[in-house]
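This report refers to the structure that appears directly beneath it.
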Amino acid sequence: MRRRCLLCDGETEIQSWAAFFGVKPPLLCENCSKGLQKLTGPSCEICSRSMKETGICTDCAAWDKSIFHSNHSFYHYNDVMQDLIARFKYRGDYVLADLFAQDIRRAAREMKCDLVCPVPLSVSRLAERRFNQSEALIEPAGLQKTLLLARRESNKQSKKSRAERVTARQTFYPVGDASGKSVLVIDDIYTTGATMRLVSRALEQAGAVSVKSITIARSGS
Amino acid sequence: MNPSSFFAGRELIDEEIPVLSDVNLLATRPGLSYPLLCHRCGNTTNFASHPCTRCGTSCPYCRNCIQMGKVSSCTTLYRWLGPHPAHPEGAGTLHWSGTLSDGQQAASENVRRAIHNGQEHTVWAVAGAGKTEVLFRGISEALQQGKRVCIAAPRADVVRELAPRLQSVFPDTPPVALYGGSPDRNTYSPLVISTTHQLLRFYEAFDVMIVDEVDAFPYTFDASLQFAVQKARKKESSLIYLTATPEPAWQEDIQYGKREATLIPARYHRHPLPVPETKWCGNWKKSLVPAAILDWLKDKNKALVFYPHIETMDKALPLFQKIDSRVESVHAQDPLRKEKVEAMRRGEVRILLTTTILERGVTFPGVDVAVVGSEDRIFTESALVQIAGRAGRSADCPTGKVTFFHYGKTNAMVRAVKQIQQMNRLGEERGLLD
Chain F
0 MRRRCLLCDG
10 ETEIQSWAAF
20 FGVKPPLLCE
30 NCSKGLQKLT
40 GPSCEICSRS
50 MKETGICTDC
60 AAWDKSIFHS
70 NHSFYHYNDV
80 MQDLIARFKY
90 RGDYVLADLF
100 AQDIRRAARE
110 MKCDLVCPVP
120 LSVSRLAERR
130 FNQSEALIEP
140 AGLQKTLLLA
150 RRESNKQSKK
160 SRAERVTARQ
170 TFYPVGDASG
180 KSVLVIDDIY
190 TTGATMRLVS
200 RALEQAGAVS
210 VKSITIARSG
220 S
Chain R
0 MNPSSFFAGR
10 ELIDEEIPVL
20 SDVNLLATRP
30 GLSYPLLCHR
40 CGNTTNFASH
50 PCTRCGTSCP
60 YCRNCIQMGK
70 VSSCTTLYRW
80 LGPHPAHPEG
90 AGTLHWSGTL
100 SDGQQAASEN
110 VRRAIHNGQE
120 HTVWAVAGAG
130 KTEVLFRGIS
140 EALQQGKRVC
150 IAAPRADVVR
160 ELAPRLQSVF
170 PDTPPVALYG
180 GSPDRNTYSP
190 LVISTTHQLL
200 RFYEAFDVMI
210 VDEVDAFPYT
220 FDASLQFAVQ
230 KARKKESSLI
240 YLTATPEPAW
250 QEDIQYGKRE
260 ATLIPARYHR
270 HPLPVPETKW
280 CGNWKKSLVP
290 AAILDWLKDK
300 NKALVFYPHI
310 ETMDKALPLF
320 QKIDSRVESV
330 HAQDPLRKEK
340 VEAMRRGEVR
350 ILLTTTILER
360 GVTFPGVDVA
370 VVGSEDRIFT
380 ESALVQIAGR
390 AGRSADCPTG
400 KVTFFHYGKT
410 NAMVRAVKQI
420 QQMNRLGEER
430 GLLD
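Order-wise, the sequence lines are chains F and R. Per numbering that gives the first Met the number 0, numbering of the first sequence is gapless, rising by one per residue and ending at 220. Per numbering that gives the first Met the number 0, numbering of the second sequence is gapless, rising by one per residue and ending at 433.
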């Protein structure tokens, strides 16, 4: 049984007896999938950063008190992942979200939150990109999204320095009601955690009591 | 910026064009049509779709050429209808004092005639024949007649190598070099040297289209690149193909006169092509560095050793380094590729292990060449002929040894040796060898 690798268009293949038992060929060929590096081993309990031993990293310890509970990431943000996310988000290759659908579905089930909320884009950015990458990750995972937030126009987060991000002004505002609910937010990358803190604050205004996040990749050291 | 100077001959998507004062000078068409076809790259099979915030539909998009910017069902392609920039003063004046070999002379005249008559022509020139010089007269005449000329090559490094050579012979018509990330991408010139990829951004722009190394990867494997070449040339235009190693089907067409072609069977320096020797070396995947090759290396000053895969080459490297510290290896993703090739040229590296990435385009004077595992299917007839063509290229060292170390002979090996022998015979018959 064959199909095309989503990244290089080469063939991926499994044994025909495996197909008989309902196994599907992988979405990526061996060569492309070996570049993606899963996060394993001890990590920060709050942000998924790799650490020598499990605990809470200095960055997370320094954040002000927030309803933000924790982030779970699947992969290291290495060169291969950087290319993949650039192709997904900036080039707009929507279908690449399929690569993470299973991971997201499974992790979301374990987190047991009441609502799943995408990170909104501003109107002009949404028109430029043609889709919201956060919603694009939620949909193939078969999750029901609730639009609780909207976003004012601002400069791109990815073009900002660490200091600029950590002190960034609020651009999110509530547009829905999450009274008494726990909310799961899904996004592509977790870098300093600044976005998630701002999202959490806006969700708190919407009435949420706690926020967890799932992100594809954990960037930064 | 004057829009015509970068827009003329191109077809671009919304995100690539500036705000223009006069939209009447633009022609438009949708990026995709149904049944699904991408108008930029010709793809009909590789699409996906998503709910689109621009057009509000479940909007299909082309995945094949997405790295050049997305073509969706709501993408518009724009073409410039305004005047094209005039050729510069003295365009096409040829500043070249070299002379052509007899073989080159015949090919040059046939190319000139094909360009003049708007026809198709193939130049089959052995490695080291000097195929670039064969183009000079035809290009010169075309530019002088106000025609726009494009040389398309399969890879960016070939483009970067060709551009300065053409710049020096056509100083009045400075060429632009187009490849991903090239600084020339917004510049107009009647003489364009481009990767075949970048031609996806052109539409009926060229009166003369020259496709260099037409047998090379990725051109032969990627239908969208062939589509790009056809889209970028005018309906009435000439098409020149250059190759050192046409595929078997092309060889047949040429032989039976179904394809107009000129053959240059001998090198510019009038010495015969080194004929490869084949040598059985046992299971090289186990030994990695067969005893036969160590023996072969003993009297070699400078050697290129080809391996079929990066993995086997990487494992072999430390074994070679035990016998000589001046051994390096390169492959396509090697970040130090350029530096290692340069070090080889300067003579600081004695043995360079390589994948097929160095099969064409490089000259190391005085080099001998070995292929380990020449039966691997990556070594096609044309790859082996190209590899053999690395030896004996320079006039100062016109000879060299080429050996195919194998674990079972293949058709490709036999055909490669035959092809080279046949070229030498033809060169002899036509008086092109000393």
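In this text, a Cβ means the ideal position worked out from N, Cα and C, and glycines have one as well.
In the structure shown, residue 216/R falls within a coil segment according to DSSP collapsed to helix, strand and coil. When the five nearest sequence neighbours on each side are left out, the beta carbons in the same chain lying within less than 6 Å of the beta carbon of residue 25/F are those of 11, in order along the chain.
For residue 152/F, same chain residues with a beta-carbon under 7 Å away, outside a window of 5 residues either side, are 121 and 123 in chain order. Spanning the alpha carbons of residue 385/R and residue 166/F requires a straight line of approximately 59 Å. Restricted to the region 308-392 of chain R, the beta strand (DSSP E) segments that are unbroken, complete and at least 3 residues in length are 326-329, 350-353 and 367-371, listed in chain order. Nearest in C-alpha terms to residue 180/F, of all of 117/F, 119/F and 205/F, is 205/F. Within chain R, no C-beta atom comes nearer than 8 Å to that of residue 171/F; the closest sits roughly 18 Å away. Taking a beta-carbon distance threshold of 8 Å, residue 136/F does not count as an interface residue toward chain R. For a cut-off of 8 Å, the C-beta gap from residue 37/R to residue 30/R is around 7 Å, short enough to register as a contact. In terms of Cα proximity to residue 62/R, the closest of 295/R, 73/R, 46/R and 75/R is 46/R.
With respect to residue 131/R, residue 161/R sits close: the two C-beta atoms are nearer than 8 Å. When DSSP states are grouped into helix, strand and coil, residue 110/F belongs to the helix group. Identification of chain R residues near residue 8/F by a Cβ-Cβ cut-off of 9 Å yields 45, 62 and 63, ordered along the chain. Among the residues facing chain F, residue 37/R is not included, as its CB has no counterpart in that chain under 8 Å away. Bridge partners of residue 196/R according to DSSP: none are assigned.
Straight across, the Cα-Cα distance linking residue 113/R with residue 208/R is about 11 Å. Close CB contacts of residue 258/R within its chain, under the 7 Å cut and outside five residues either way in sequence, are with 121, 249 and 252 (chain order). With a cutoff of 8 Å on beta-carbon distance, residue 182/F and residue 195/F are scored as not near each other. When Cβ-Cβ separations below 8 Å define contact, residue 51/R makes contact with chain F. Rounded to the nearest whole angstrom, the CA to CA distance from residue 145/R to residue 171/R is 13 Å. The beta carbon of residue 270/R sits closer than 6 Å to those of 397, all from its chain and outside the five residues before and after it, given in chain order. Within the region 135-162 of chain R, the runs of beta strand (DSSP E) that reach at least 3 residues and sit entirely inside it are, in chain order, 148-152. Taking 8 Å as the CB threshold, residue 126/F lines the interface with chain R.
Residue 21/R and residue 79/R have their alpha carbons spaced roughly 11 Å apart. Under the DSSP definition of a beta bridge, residue 405/R partners with 279/R. As far as DSSP is concerned, residue 215/F takes part in no beta bridge. Collapsing the DSSP output to three states places residue 115/R in a helix. Taking residue 176/F as reference, the option from 50/F, 57/F and 203/F with the minimal CA-CA separation is 203/F. Per the DSSP secondary-structure output, residue 259/R pairs with nothing in a beta bridge. DSSP places residue 18/R outside both helix and strand once states are collapsed to three, so it counts as coil.
Counting along the chain, the unbroken beta strand (DSSP E) around residue 208/R starts and ends at 205-210. The closest CA to that of residue 352/R, considering only 307/R, 108/R and 365/R, is found on 307/R. When 125/R, 124/R, 168/R and 152/R are compared, the shortest CA-CA separation from residue 136/R is found for 168/R.
Selection 49/F, 50/F, 3/F and 38/F evaluated against residue 31/F yields 3/F as nearest (Cα-Cα). Just so you know, the alpha carbons of residue 388/R and residue 148/R end up roughly 29 Å apart. Non-local C-beta neighbours of residue 127/R in its own chain, meaning closer than 6 Å and more than five positions away in sequence, comprise 266 and 392, ordered along the chain.
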